[in-house]
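Data block below; observations after.
Chains as they are written, first to last, in our numbering: chain P, 416 to 527; chain W, 6 to 117.
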C-alpha cells in the first residue's frame with residue numbers, strides 16, 4: 416500500500432516552460448488536493464477534487480490547471496512557469512469531507 | 006476571512022520537559038480542526054482531528070484539546086524523535102467549501 420505518490424521529486428524549469436506534476440493514490444479516496452508550501456508560510460490550497468470529473472479552485476489557482484479522469488490520479492499542470500511558482504508542491508487525498516488528509520512526499524520545483 | 010495563528014513559531018525543549026503549542030483560529034463556523042506533524046523534506050503526517058469544543062484526543066506523548074477559539078497540543082515528556090514542525094489547520098463551513106486553512110507551523114526541537 417503505497418498511499419500517495421508524487422513524481423518528480425525535484426524539477427528545475429525555465430521561465431515560460433510548462434510541466435505536469437503527477438499524483439496517484441491507491442486508497443480509493445474520492446477527495447484529492449493540491450497544495451503549495453512556501454518557506455515561512457502555511458500550506459495553500461491550489462485545486463481540489465471531490466471525485467472523478469469534478470474539480471474546483473482553491474485559494475491560489477492562478478497559473479495552474481487540473482483534471483481528474485480517474486479516482487487514482489490528479490495531475491497538476493503548470494503553464495508558462497513563472498519564478499513565483501517556485502515552491503514545494505504537495506498532493507493529498509482523503510476519504511471524505513472534514514476527514515484526515517494523507518499527503519504525498521512532495522515535489523520541489525524551481526523556476527529560473 | 007478565516008485565519009489560523011500558531012504560537013510560538015519555534016520552541017526548544019530539553020528531553021522530558023513538557024510544554025504546549027497553541028493554535029488560535031478565527032473562522033465563520035468550525036467543521037473540524039486538524040493537527041499534522043511534518044518532518045524536514047517530507048509531507049505532513051496526520052495526528053488528530055477535533056470537531057467540537059471540549060473534545061480531547063491523545064496519542065502517545067501528545068494530547069490535543071479544543072475550545073471555541075483555540076486548540077492546544079500538549080507534549081508530555083518529549084523525546085528527541087518528537088522534533089518536527091507541527092501544523093494546525095481548520096476547515097470552516099463557508100458554502101460547503103473543502104478548503105483547509107493552515108497555520109504557518111511551529112518548529113519543535115527536543116534536545117537530548
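For glycine and all other residues, C-beta sits at the position ideal for the given N, C-alpha and C.
6 Å CB neighbourhood of residue i in its chain, flanking five on each side removed
i: residue 53 of chain W; result: 40, 62, 69
i: residue 21 of chain W; result: 82
i: residue 37 of chain W; result: 54, 56, 96
i: residue 44 of chain W; result: 89
i: residue 486 of chain P; result: 467
i: residue 453 of chain P; result: 502
Limits of the unbroken beta strand (DSSP E) element including residue i
i: residue 471 of chain P; result: 469-472
i: residue 89 of chain W; result: 89-97
i: residue 487 of chain P; result: Residue 487 of chain P -> no beta strand (DSSP E), and no H or E assigned at all.
i: residue 523 of chain P; result: 522-526
i: residue 121 of chain W; result: Summary: the structure shown does not reach residue 121 of chain W, with chain W confined to residues 6 through 117, and so no result is reported for it.
i: residue 495 of chain P; result: Premise fails: residue 495 of chain P is in no beta strand (DSSP E) and is neither H nor E.
i: residue 360 of chain P; result: The first residue shown for chain P is 416 and the last is 527, placing residue 360 of chain P beyond what the model contains.
Exposed unless 16 or more other CB atoms sit within 10 angstroms - verdict on residue i
i: residue 17 of chain W; result: exposed
i: residue 493 of chain P; result: buried
i: residue 461 of chain P; result: buried
i: residue 8 of chain W; result: exposed
i: residue 49 of chain W; result: buried
i: residue 500 of chain P; result: buried
i: residue 456 of chain P; result: exposed
i: residue 495 of chain P; result: exposed
i: residue 12 of chain W; result: exposed
i: residue 19 of chain W; result: exposed
Cβ of residue i within 8 Å of any chain P Cβ
i: residue 10 of chain W; result: no
i: residue 39 of chain W; result: yes
i: residue 42 of chain W; result: no
i: residue 110 of chain W; result: yes
i: residue 49 of chain W; result: yes
i: residue 84 of chain W; result: no
i: residue 103 of chain W; result: yes
i: residue 36 of chain W; result: yes
i: residue 96 of chain W; result: yes
i: residue 77 of chain W; result: no
C-beta neighbour in chain W for residue i, strict 8 Å
i: residue 475 of chain P; result: no
Own chain residues within Cβ distance below 7 Å of residue i, not counting five before or after
i: residue 497 of chain P; result: 430, 478, 526
i: residue 73 of chain W; result: 58
i: residue 427 of chain P; result: 525, 527
i: residue 87 of chain W; result: 66, 80, 113, 115
Residues of its chain near residue i, where Cβ-Cβ distance is below 8 Å and the 5 sequence neighbours each way are ignored
i: residue 474 of chain P; result: 459, 460, 461
i: residue 33 of chain W; result: 7, 97, 98, 99
i: residue 433 of chain P; result: 492, 493, 494, 495, 496
i: residue 483 of chain P; result: 447, 464, 466, 467, 468, 469, 470, 489
Residue i beta carbon near the ligand MG (any heavy atom closer than 7 Å)
i: residue 440 of chain P; result: No copy of the ligand MG occurs in the structure displayed, which carries no ligand at all.
Return the residues of the segment 453-478 of chain P that lie within a Cβ-Cβ distance of less than 8 Å from chain W, sorted by chain order. 455, 456, 457, 458, 459, 460, 463, 465, 471, 473, 474
Note down, in chain order, all residues in the segment 505-527 of chain P with a beta-carbon under 8 Å from any beta-carbon belonging to chain W. 505, 507, 512, 513, 514, 515, 516, 517, 518, 519, 520, 521
Going along the chain, which residues of the segment 51-69 of chain W sit with their C-beta nearer than 8 Å to a C-beta in chain P? 51, 54, 56
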